[in-house]
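Please read the structure below before turning to the comments.
There are 2 protein chains.
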Amino acid sequence: MESMMIYMPIAMAVLGLIYMAIKRSWVLKQDAGDGKMKEISDYIYEGALAFLSAEYRLLAIFVVIVSVLLTIVSFVVPTTHWLIVIAFIFGAIFSAYAGNVGMKIATKTNVRTTQAARTSLPNALKISFGGGTVMGLGVAGLAVLGLTAFFIVFYKFVFMPDGWTNTGDMTIVLETLAGFSLGAESIALFARVGGGIYTKAADVGADLVGKVEAGIPEDDPRNPATIADNVGDNVGDVAGMGADLFGSYVATVLAAMVLGNYVIKDMGGSIADAFGGIGPILLPMAIAGAGIIISIIGTMLVKINSNDAKEAQVMGALNKGNWTSIILVALACFGLCTWMLPETMNMEFFGEGLQEISAMRVFYATLVGLVVGAVISSVTEYYTGLGKAPILKIVQQSSTGAGTNIIAGLATGMISTFPSVLLFAGAIWASYAFAGFYGVALAASAMMATTAMQLAIDAFGPISDNAGGIAEMSEQEPIVRERTDILDSVGNTTAATGKGFAIASAALTSLALFAAYVTFTGIDGINIFKAPVLAMLFVGGMVPVVFSALAMNAVGKAAMEMVQEVRRQFKAIPGIMEGTGKPEYDKCVAISTQASLKQMMLPGLLTIGFPLVIAFVPLLFGMDNLAIAEMLGGYMAGVTVSGVLWAIFQNNAGGAWDNAKKSFEAGVEINGEMTYKGSDAHKAAVTGDTVGDPFKDTSGPSMNILIKLTCLIGLVIAPILGGHTEDGIALTEVQEIEVIANTTSDKEVEKKIEVNMNAGDDGQAKATVITTVTKDGQTTKEEKVYEGTTEEVKAAVESVEKNVTIKVKKGK
Amino acid sequence: MESMMIYMPIAMAVLGLIYMAIKRSWVLKQDAGDGKMKEISDYIYEGALAFLSAEYRLLAIFVVIVSVLLTIVSFVVPTTHWLIVIAFIFGAIFSAYAGNVGMKIATKTNVRTTQAARTSLPNALKISFGGGTVMGLGVAGLAVLGLTAFFIVFYKFVFMPDGWTNTGDMTIVLETLAGFSLGAESIALFARVGGGIYTKAADVGADLVGKVEAGIPEDDPRNPATIADNVGDNVGDVAGMGADLFGSYVATVLAAMVLGNYVIKDMGGSIADAFGGIGPILLPMAIAGAGIIISIIGTMLVKINSNDAKEAQVMGALNKGNWTSIILVALACFGLCTWMLPETMNMEFFGEGLQEISAMRVFYATLVGLVVGAVISSVTEYYTGLGKAPILKIVQQSSTGAGTNIIAGLATGMISTFPSVLLFAGAIWASYAFAGFYGVALAASAMMATTAMQLAIDAFGPISDNAGGIAEMSEQEPIVRERTDILDSVGNTTAATGKGFAIASAALTSLALFAAYVTFTGIDGINIFKAPVLAMLFVGGMVPVVFSALAMNAVGKAAMEMVQEVRRQFKAIPGIMEGTGKPEYDKCVAISTQASLKQMMLPGLLTIGFPLVIAFVPLLFGMDNLAIAEMLGGYMAGVTVSGVLWAIFQNNAGGAWDNAKKSFEAGVEINGEMTYKGSDAHKAAVTGDTVGDPFKDTSGPSMNILIKLTCLIGLVIAPILGGHTEDGIALTEVQEIEVIANTTSDKEVEKKIEVNMNAGDDGQAKATVITTVTKDGQTTKEEKVYEGTTEEVKAAVESVEKNVTIKVKKGK
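Those protein sequence lines, which keep their order, are chains A and B. Letter 585 of the first sequence, counting from 1, is numbered 585 in UniProt numbering, and no numbers are missing. Letter 735 of the second sequence, counting from 1, is numbered 735 in UniProt numbering, and no numbers are missing.
Encoded structure:
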């Protein structure tokens with residue numbers, strides 16, 4: 001059984017995908033309503049497909065360019081294998097396909113939800129959440145399937161066909177696998193950033209001309225941009241979020257595998273366990289696999305029975321499913337950690353040396369991750385939830401005008417970084433204290449195990465939002481809109497908490513990648529007391545700020561193009577305002593699509609370009625590889641710290657403004673007076689929401705991609721930078737060295753010998769011998785360094801240190 | 001001559017203060033105008049004094065508390081001398097006195113400027129800039145006087161009465177001197193943060209009730225808050241900026257001295273030069289001293305002749321003075337570096353070992369600082385200047401409402417971090433490459449040398465602003481207001497560029513302090529790959545964001561108290577609107593004063609509390625001192641990187657909104673149409689300015705204090721954390737060790753021996769002996785570590801290493 005564990009995650013992924021297919025055909029079999037509804041739904045579906053196909057064309061070009069670059073790299077750098085290109089392409093395809101499945105089901109489910117809402121609320125929830133489940137399982141299933149399949153191929157068939165050899169070979173397996181993750185995250189850049197620009201450009205464009213200039217309500221079918229607006233909900237919130245979490249999921253598991261390999265290295269380069277000696281590497285995949293089945297169980301629990309249910313009952317049903325999956329994941333982690341890991345492991349703690357870590361401590365680290373996932377949602381909910389103190393304060397401040405509303409919203413977003421960052425800092429500390437960086441990566445893996453469930457909850461929001469829009473546009477009875485509004489209202493809350501989850505996942509993923517980066521490059525750490533490293537920390541800190549500004553400006557530019565198109569149609573199409581002329585929805589969709597993809601170029605270039613410049617420009621000037629690796633590490637840390645802060649700030653400020661505005665719909669008490677929509681205070685709140693829209697839907701969520709992609713690019717570059725040791729010996733192909741160092745001890749004198757030797761395939765080697773002698777309670781440490789040809793060093797060490805034998809085998 | 005150089009800076013400071021006194025009495029002798037003008041001016045003067053005395057009472061309590069804490073620390077920690085308490089108190093007094101001088105002269109100069117404007121513009125400039133000069137020289141003179149006087153006392157009379165002993169004793173001199181810097185920066189906290197809250201609370205409060213509710217113009221004497229508003233200009237822009245730069249000036253020079261001592265340490269612990277062996281330590285003080293005289297020359301060049309001059313001529317006169325001083329400082333740096341430094345020095349570069357650095361390279365580093373000071377002003381000017389592209393864009397975006405205006409302003413502030421951070425990062429890199437962290441600190445010192453000139457230019461702005469206000473309130477002829485408006489307009493530009501200079505100075509100062517911190521604690525560096533350090537980097541990054549939010553909220557709260565008081569007076573005082581009843585200005589001043597000082601408590605506590613918690617809570621739990629020192633270093637780096645970003649973002653966004661609003665006064669073209677004050681676009685721009693006000697005058701400038709004070713607190717804590725070595729040997733009082741290590745060499749074999757020995761007064765010692773043997777071109781390195789009692793280690797090293805002799809003298 002144990003030896004078959006390597007196939008467990010792939011089996012779970014396939015199971016998840018089968019369940020998804022069944023659920024999908026069930027949703028599609030539901031009644032899609034009558035003429036008008038179906039017509040609108042079809043427009044949205046076609047608009048979504050139009051965006052996807054435009055995105056795919058651009059993506060194809062991008063994938064080809066990156067593939068060519070990776071191919072060149074893989075031929076120039078001996079530690080980079082050309083299979084990374086294949087992995088990269090498949091990572092991109094899998095993520096794109098997952099987004100495609102999600103978008104299609106979301107745009108098919110919306111109208112079916114509207115139709116179901118005509119009969120009952122429980123049915124409407126069942127269908128909308130069913131659509132979300134398809135989306136969630138599609139993403140999670142494809143992510144696990146792709147990653148584990150490539151791992152098995154690389155491990156079992158390419159690099160170690162005869163079973164475990166050494167950690168060096170496994171490093172190459174995982175470096176190659178990083179291509180898959182890079183491919184997935186590249187799609188996320190397009191889907192999340194491009195999608196974020198799309199959704200807000202369409203929204204702002206539709207509102208500016210429709211609501212403000214023409215005075216027609218939101219979601220009015222006379223507005224040519226209204227379909228683009230609805231497509232935007234799917235593009236941004238469904239496909240964008242899906243690609244984001246797909247990327248996080250893959251990257252987290254990959255980073256945990258890299259660090260698992262490092263655990264094996266710290267334990268002497270091989271361990272004897274029932275899992276083919278790779279238990280610590282398999283564990284994160286196993287947790288991911290278990291998470292898929294657990295998510296299926298969780299989604300089954302989401303249902304309500306009463307047709308009179310309100311928001312609280314719907315929220316309760318979602319919470320029940322969510323909490324059940326979190327608890328089940330905790331149980332699974334306990335079982336898997338104790339079963340798959342050696343009882344105790346050695347892990348290297350920087351500055352503290354090797355420590356013995358028990359499997360239980362790794363389990364504790366996974367608990368830290370689950371706690372972070374749950375708590376960050378509550379924190380986000382507190383700062384952005386209707387009726388909570390921060391929102392009430394923004395509402396109060398709206399009475400003195402837009403200026404004070406804006407200040408209050410900004411301040412709320414900024415203050416919300418306090419508990420969030422303390423939570424992350426505490427999580428880093430605790431999971432590291434439990435089990436080193438392997439613990440940090442496993443904390444992230446455990447949190448991400450419920451990805452399918454989180455995405456189901458998340459995707460259900462925009463589906464319900466769309467369902468409401470279709471109800472409005474097709475002029476359904478009020479009860480239908482009331483029911484979809486209940487779902488939509490819950491969906492707004494889950495959208496905010498989902499964003500919290502996405503930030504937490506991006507933050508932990510980046511940390512895990514950061515740790516993996518350091519182990520890949522072989523640097524001792526990242527010392528910010530070196531001025532170039534500190535300078536790069538500054539530059540890294542700046543990038544998220546500039547990226548956010550570019551994303552916000554992009555929304556403005558794309559929205560302006562939309563405004564002009566809508567104005568043109570209002571003038572050019574006769575009878576459009578009377579409802580007799582038909583707006584050209586497709587032209588608006590095309591404009592949003594083109595503009596958003598064009599506008600994401602610059603921020604995308606910033607994301608990809610900076611790490612490449614930092615790595616390769618100094619390389620051209622002949623700077624030391626490890627010094628560059630440290631600088632790039634400083635840059636990555638700067639991007640991560642600043643990016644996480646700006647993500648929290650922007651998401652929560654945006655969410656808070658949004659709900660402050662929504663508060664006026666039901667009426668709020670300001671200075672003892674009930675105030676409603678249309679009041680001056682409400683107008684001020686609308687201004688806040690205008691600012692908040694790009695914050696929470698474009699620049700804020702983009703930060704996740706920025707920080708993960710930065711760390712992933714670093715990881716892919718790592719082997720290039722790490723190919724040389726400190727002393728300029730080219731360790732381009734590491735040779736395997738076996739060192740047998742005996743330690744003698746009698747009653748009075750104890751002698752410990754520790755040998756570290758590095759040998760490159762250029763025949764040069766360096767060995768460090770540390771001899772610790774304890775005599776009469778007095779300890780003397782002696783460290784000797786030998787440098788020269790491999791043979792010379794080997795001979796020198798063996799002749800001087802009598803208890804040492806060194807065998808040097810030729811590496812791969 | 002050379003041996004007297006230690007007295008040079010103090011002599012220059014005294015010269016500067018004498019010139020200041022002459023200039024001051026000249027300004028005060030000028031005509032202070034007639035009844036109404038004088039009355040208003042007196043109100044402002046008294047209001048300013050009321051704020052100062054309230055601030056001093058609070059300060060006194062603060063100084064007593066910190067003094068008690070420092071006294072306890074100095075008795076518990078042997079490496080901290082009790083004289084640090086005296087230095088701290090004097091640092092606070094000197095800075096407070098400098099602020100006092102500046103505030104008094106500024107509030108006396110304003111009315112004299114108005115009076116002079118009645119006759120001619122050149123005269124008005126002469127007087128207003130004269131007031132600024134008094135302010136600038138007061139701050140710079142007192143800063144240099146205080147710092148150098150304490151250095152001479154500590155060095156010559158307390159710790160090394162018989163001349164140079166060793167770098168350990170000099171470290172204690174400089175650690176004690178850090179108290180002076182801490183005192184100065186504490187005042188800056190009150191003046192800059194409290195003052196920033198004051199100025200905006202009064203401004204917003206006066207506008208909300210006066211302009212919005214009562215419909216009376218700005219600066220109308222019927223508004224009870226109008227005097228508080230004018231006091232606020234002085235409190236925030238004059239006293240706040242003065243205390244900020246006073247703190248930067250002292251801290252920069254101190255940090256450069258600490259790193260100068262480190263250079264001597266790297267050169268073997270003593271150097272033979274004509275400056276008593278402390279040339280590298282004296283150099284930053286000498287540059288500061290020269291800077292005072294140079295600034296006097298610079299201020300003399302600021303004058304115009306034509307009464308018909310416009311903004312460009314006035315700006316030209318200021319630029320002439322400024323550029324002359326910058327060029328003269330460059331020349332002075334060349335002279336002083338080549339004269340006072342050894343021709344070549346050894347400096348330790350982390351990770352690269354000792355390098356030979358010439359005096360010329362130190363000079364190049366100072367040039368880097370001067371370039372940064374000049375370029376950052378241009379960058380700030382570009383992003384916030386009237387008529388520049390970013391402002392025109394915000395103006396355009398105002399036409400679609402407040403929402404788009406806000407987004408455009410935020411985006412401008414965010415994008416402005418790009419060139420600014422690249423500039424800082426380049427400066428860190430370049431000055432470090434030239435001369436290590438000593439180079440970074442000297443770059444900062446050179447930039448700060450023109451402080452007096454910068455402050456003169458900066459203080460001239462609010463003086464002219466006030467002069468205009470007095471002209472308005474005392475109903476002068478339009479020509480008077482026109483002339484003061486020209487000065488005010490130039491003052492707005494210099495205020496923005498001055499803020500850029502202040503940020504740059506805070507950033508470089510913090511870096512220098514950061515470097516000094518590492519050398520004080522004796523850690524190897526700050527490795528962010530250690531999870532606790534990384535966690536603290538996150539926490540540090542969060543603090544400026546939360547601090548900014550607290551400061552913004554504080555403005556809101558304080559402004560509300562003001563609003564209520566003004567409303568009360570409008571109701572309670574009969575005839576106030578008709579001009580027959582007299583408003584109670586003093587009550588408004590009192591409310592601003594109390595509210596601002598109360599509201600600065602929380603952000604102040606955050607600033608001081610966090611580093612103390614990070615240092616002492618883990619200490620209580622028995623965590624390793626050096627690990628804590630590294631964590632605290634990570635925190636400091638996080639605060640600095642994030643603080644600099646948020647300072648640039650907030651200052652430039654605020655400045656941009658301000659000038660976008662001002663653009664409407666002269667009229668702007670939007671979509672081909674001229675648009676003026678009162679238009680919808682203008683109203684949107686006013687909303688932007690409301691948000692920008694606390695950004696640019698409260699939270700933005702507060703960042704400078706936050707980052708410097710954080711690093712200073714770290715520096716003062718450093719000896720407590722650094723008092724123990726890695727292996728737990730208490731080096732509470734370092735003994736002096738003389739090591740004579742001979743290196744032998746014949747034709748074929750070369751042998752180098754390097755010995756590092758640490759011995760504590762508890763009798764324990766540790767020595768590291770590195771022997772490098774080169775034979776036939778083949779190098780073998782051998783490192784041996786000996787631990788035990790000092791005598792044992794000494795004997796062991798001498799017996800094993802035949803070429804080494806060790807003498808251990810009893811330390812102080």
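Even glycine gets a Cβ: it sits at the ideal position worked out from N, Cα and C. The structure presented is a predicted model; accordingly, all values stated were derived computationally and were not measured.
In whole angstroms, what is the alpha-carbon distance linking V496/A and A191/A?
Note on identity: in this sequence residue 496/A is Ala, with Val being the wrong assignment. One C-alpha to the other measures close to 19 Å.
Mind the definition here: the stretch 411-426 of chain B touches the stretch 365-383 of chain B only if three or more C-beta pairs lie below 8 Å; say whether that holds.
Yes, the stretch 411-426 of chain B touches the stretch 365-383 of chain B.
Quick one: measure Cβ to Cβ for A251/A and L712/A, integer angstroms, because I've assumed they're closer than 8 Å.
The Cβ separation is near 6 Å, so the contact holds.
Please confirm whether I729/A has its beta-carbon closer than 8 Å to some beta-carbon of chain B.
Low local confidence applies: a pLDDT of 33 at I729/A is under 50, so the model's placement there is unreliable, with the coordinate-based value given in what follows. Not closer than 8 Å to any Cβ of chain B, the Cβ of I729/A fails to qualify, so no.
Can you give me the Cβ contacts of A228/B inside the same chain, cut-off strictly under 6 Å, excluding the 5 residues immediately before and after it?
Closer than 6 Å at the Cβ level, and outside the excluded window around A228/B, lie A202, C588, V589 and S592.
So, do the stretch 173-185 of chain A and the stretch 429-438 of chain A have three or more beta carbon pairs nearer to each other than 8 Å?
The stretch 173-185 of chain A vs the stretch 429-438 of chain A: no contact.
Per DSSP, which one or two residues make a beta bridge with I357/A?
M345/A, per the DSSP bridge assignment.
Using a threshold of 8 Å, state whether the C-beta atoms of M473/B and D237/B are closer than that.
No. Outside cutoff.
In chain A, what lies closer than 7 Å to G403/B by C-beta?
The contacting residues are T687, T690 and V691.
Please confirm if T384/B has its CB atom under 8 Å from at least one CB of chain A.
Answer no: the Cβ-Cβ gap between T384/B and chain A never drops below 8 Å.
Looking at the C-beta of M414/A, does it have a partner C-beta in chain B at a distance below 8 Å?
Chain B contact via Cβ: present.
What is the rounded straight-line gap between the Cα of L537/B and the Cα of A502/B?
Taking the straight line joining both Cα atoms gives about 24 Å.
Would you mind sorting P161/A into buried or exposed? The rule is 16 or more other CB atoms within 10 Å of its CB.
Per the 10 Å Cβ criterion, exposed.
I want to verify the contact list: residues of chain A whose CB lies under 7 Å from the CB of M542/B, in sequence order.
Those are T417, F418, V421 and L645, listed as they occur along chain A.
Pull out every residue of the stretch 540-567 of chain A whose Cβ sits closer than 7 Å to any Cβ of chain B, in chain order.
The residues in question are G541, M542, V545, V546, S548, A549, M552, N553 and G556.
Looking only at its own chain, which residues have a Cβ that is under 8 Å from the Cβ of S3/A, when we skip the five neighbours before and after it?
Cβ neighbours of S3/A beyond the five flanking positions: A274, F275 and G276.
Going by C-alpha to C-alpha distance, which of K499/B, N123/B and V395/B sits closest to W646/B?
For W646/B, the nearest C-alpha among the options comes from K499/B.
For the alpha helix (DSSP H) that I670/B lies in, which residues bound it at each end?
No alpha helix (DSSP H) contains I670/B, which is instead part of the beta strand (DSSP E) from V668 to I670.
Under the three-state reduction of DSSP, which class applies to N307/B: helix, strand or coil?
Here N307/B sits in coil by DSSP.
In the DSSP assignment, what are the bridge partners of E673/A?
DSSP lists I670/A as partners of E673/A.
Look up M300/A in the DSSP assignment and say whether it is helix, strand or coil.
Helix at M300/A.
Tell me, which residues are paired with N527/B by DSSP?
Beta-bridge pairing links N527/B to N527/A.
Between H724/A and chain B, is the shortest Cβ-Cβ distance under 8 Å, so that the two count as touching?
Any answer about H724/A is weak, because its pLDDT of 35 lies below 50 and its placement is not dependable; what the coordinates show is given next. By this cut-off, H724/A is not an interface position.
Answer yes or no: does any C-beta atom of chain B fall closer than 8 Å to that of F434/A?
For F434/A, the answer is no, since every Cβ of chain B falls outside 8 Å of its Cβ.
Would you verify that the beta carbon of W164/B is, or is not, closer than 8 Å to some beta carbon of chain A?
For W164/B, the answer is no, since every Cβ of chain A falls outside 8 Å of its Cβ.
Can you tell which of V566/A, A767/A, A286/A and I428/A has its C-alpha closest to the C-alpha of A515/A?
That would be I428/A, whose Cα lies nearest to the Cα of A515/A.
Between P618/B and chain A, is there a C-beta pair that is closer than 8 Å?
No, no contact with chain A.
Determine the DSSP secondary structure at M160/B, reduced to helix, strand or coil.
In the structure shown, M160/B sits in coil (DSSP, three-state: anything other than H, G, I, E or B).
Pick out whichever of E175/A, G268/A and T299/A has its Cα sitting closest to the Cα of M20/A.
Closest by alpha carbon: T299/A.
Quick one: what does DSSP say M757/B is sitting in, helix, strand or coil?
Looking at M757/B - three-state DSSP - the assignment turns out to be strand.
What is the rounded straight-line gap between the Cα of S489/B and the Cα of D465/B?
If I take the Cα positions, the gap works out to 9 Å.
Just mark T199/A as buried or exposed, buried being the case when its beta carbon has 16 or more other beta carbons within 10 Å.
Classification for T199/A: buried.
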